[in-house]
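Input: a single structure, listed below in structure tokens.
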Amino acid sequence: MLIRRRRGWELPESAATPEAAVLQRRALLGAGAALLPGAAAAQRIGDAPPAPPLPAHARNERFEGGRALTPERDATSYNNFYEFGTDKSIWRAAQRMPVRPWQIRVEGMVAQPRTFDVDELIRLMPIEERVYRLRCVEAWAMTVPWTGFELSHLLRLVEPLSGARYLAFETAALPAVMPGLRQSWYPWPHVEGCTLEEAMNELTFMPVGMYGRPLPQQNGGPFRVVFPWKYGFKSGKSVVRITLTDRRPQTFWPRIQPSEYGFWANVNPEVAHPRWSQATERLLGSGERVPTRLFNGYGEWVAALYVNLQRERLWA
Ligand code: MTE
């Protein structure tokens, strides 16, 4: 996703140490559970107080990954979170982001605009676990058990007005803990968006946890959105504001590079990114390459959303 000129001393990703070798080395180092991302102990690195444990909840078996779960260690140590930096190993830096208290404002074209505390939201919403596949536009993928709730339940509480057509998700911008914000050529804060119809689809999920624990900061804790049928860049992390509007929001990646990234970003193996094929994906953890599926395999839920939108650039 990074668009910049490489300087002479910088390595292309292809020349970097293979991930498996790095992980093996890490295992040999035997740093202990407390130093592994995702471990509860890691929540306390830096100043951030820990999130309370998740309430008891069950897995919704309707949503199966169809693949082995990605090992937690891989899903929580290989991340895109540009607010903390542009490489994949920001997990330790992200621990400095305070996750309590955390408020989410839902406003704009709604009858009941409201500010929620994240713990209030967890109490109010029907919390469940769903295993979803996530496919990054960079052609890696993971299969993760998220704990959270359907966005549609939250939207019903605030009562969208009849003219509302889109949602904008604004994510946290905390200069004291996010060194990436100093990269002023990026259009901070990170904003993502979708249509109201997409938001109301039962797949659109708001995780507050993963692997049965509170969502770690590097994966968008304490609260994020996930659209499993779209490229991962649509799934904004650490959301602080949701605005309903009648205008399509200007979103982060299309503002940076509109020829490569669009608003819809639905997964399609047959539509290549201008710089690489999207036909296959590399599974985090095993490193296996597998075919990519249309809508990331979620067509039965979402294909109908797009039947009247064939003139749009649905796949970029
Ligand atoms: N959200 C914010 N705020 N900042 C980001 O840089 N990266 C996106 C998305 N959400 C990003 C973000 C991209 S490119 C991907 S692939 C996913 O988060 C990765 O989520 P994960 O690290 O939990 O796998």
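Take 44 as the starting number for the sequence shown in our numbering and just add one per residue.
Every residue gets a Cβ at the ideal spot worked out from N, C-alpha and C, and that includes glycine.
Is residue i near the ligand MTE, with its Cβ less than 7 angstroms from a heavy atom?
i: Leu177; result: yes
i: Glu303; result: no
i: Thr214; result: yes
i: Gly275; result: yes
i: Phe124; result: yes
i: Gly263; result: yes
i: Met185; result: yes
i: His316; result: no
i: Ser227; result: no
i: His233; result: yes
i: Gly279; result: yes
Whose C-beta lies closer than 6 angstroms to the C-beta of residue i among residues of the same chain, with five residues either side of it excluded?
i: Arg102; result: Glu172
i: Gly252; result: Leu97, Thr190 and Leu258
i: Asp361; result: What the structure shows of the chain is the stretch from 44 to 359, and residue 361 is not part of that stretch, so it cannot be assessed.
i: Arg148; result: Thr158 and Arg284
i: Val180; result: Tyr274 and Phe276
i: Leu177; result: Met185 and Gly275
i: Arg298; result: Pro230
i: Arg356; result: Gly305
To the nearest angstrom, how far is the alpha carbon of residue i from that of residue j?
i: Arg199; j: Glu324; result: 36 angstroms
i: Arg291; j: Phe266; result: 23 angstroms
i: Glu343; j: Glu245; result: 12 angstroms
i: Ser320; j: Trp183; result: 12 angstroms
i: Arg332; j: Val161; result: 37 angstroms
i: Phe106; j: Lys280; result: 21 angstroms
i: Phe295; j: Pro169; result: 30 angstroms
i: Val314; j: Leu337; result: 10 angstroms
i: Trp228; j: Ile133; result: 20 angstroms
i: Leu72; j: Tyr254; result: Its pLDDT being 36, under 50, Leu72 is placed unreliably in this model, and the coordinates cannot settle the point.
i: Arg318; j: Ser302; result: 11 angstroms
i: Pro144; j: Gly263; result: 15 angstroms
i: Trp272; j: Glu235; result: 15 angstroms
i: Thr247; j: Glu193; result: 6 angstroms
i: Ala322; j: Pro334; result: 6 angstroms
i: Tyr175; j: Ala111; result: 11 angstroms
i: Glu150; j: Glu202; result: 10 angstroms
i: Trp358; j: Gln155; result: 34 angstroms
i: Phe306; j: Asn339; result: 17 angstroms
i: Met249; j: Gln146; result: 14 angstroms
i: Gly75; j: Glu115; result: Caution applies to Gly75, whose pLDDT of 37 falls short of 50 and renders its modelled position unreliable; the value that the coordinates give is listed next. Going from the Cα of Gly75 to the Cα of Glu115 covers about 15 angstroms.
i: Asn351; j: Pro222; result: 42 angstroms
i: Gly108; j: Thr286; result: 30 angstroms
i: Ala346; j: Pro312; result: 15 angstroms
i: Val142; j: Lys131; result: 21 angstroms
i: Asn309; j: Glu104; result: 24 angstroms
i: Glu163; j: Pro95; result: 12 angstroms
Hey, could you find the ends of the beta strand (DSSP E) residue i is sitting in?
i: Arg176; result: Glu171 to Arg178
i: Glu355; result: Segment: none, Glu355 is in no beta strand (DSSP E) and carries neither H nor E.
i: Met249; result: Phe248 to Met253
i: Phe192; result: Trp183 to Glu193
i: Glu213; result: Tyr209 to Thr214
i: Glu150; result: Gln146 to Gly151
i: Asp160; result: Arg157 to Asp160
i: Arg284; result: Val282 to Thr288
Quick one: residues in its chain with C-beta nearer than 8 angstroms to the C-beta of residue i, no 5 flanking neighbours on either side, listed in chain order?
i: Gln226; result: Tyr125 and Thr129
i: Thr113; result: Met185, Thr186, Val187, Leu326, Leu327 and Gly328
i: Thr288; result: Gly151, Met152, Ala207, Arg208, Tyr209, Leu210 and Ala211
Kindly list the residues whose CB is nearer than 7 angstroms to the CB of residue i, restricted to its own chain and excluding five residues on each side of it in sequence; keep chain order.
i: Leu217; result: Met140
i: Arg354; result: none
i: Ile165; result: Pro98 and Val251
i: Met243; result: Ser195 and Leu198
i: Leu348; result: Glu240, Glu241 and Asn244
i: Gln261; result: Pro80, Thr119, Asn122, Phe124, Ile133, Trp134 and Ala137
i: Thr238; result: Arg208 and Tyr209
i: Leu224; result: Glu126, Ala216, Pro218 and Trp231
i: Thr214; result: Pro232, His233, Gly279, Lys280, Ser281, Val282 and Val283
i: Tyr341; result: Leu246, Pro271 and Trp272
On the DSSP letters alone, give me the boundaries of the alpha helix (DSSP H) that residue i sits inside.
i: Met243; result: Leu239 to Met243
i: Leu326; result: No alpha helix (DSSP H) contains Leu326, which is instead part of the beta strand (DSSP E) from Thr323 to Leu326.
i: Val333; result: It is not in any alpha helix (DSSP H) - Val333 instead sits in the beta strand (DSSP E) that spans Arg332 to Pro334.
i: Arg135; result: Trp134 to Ala137
i: Arg116; result: Glu115 to Ala118
i: Val345; result: Gly342 to Val345
i: Trp296; result: Phe295 to Ile299
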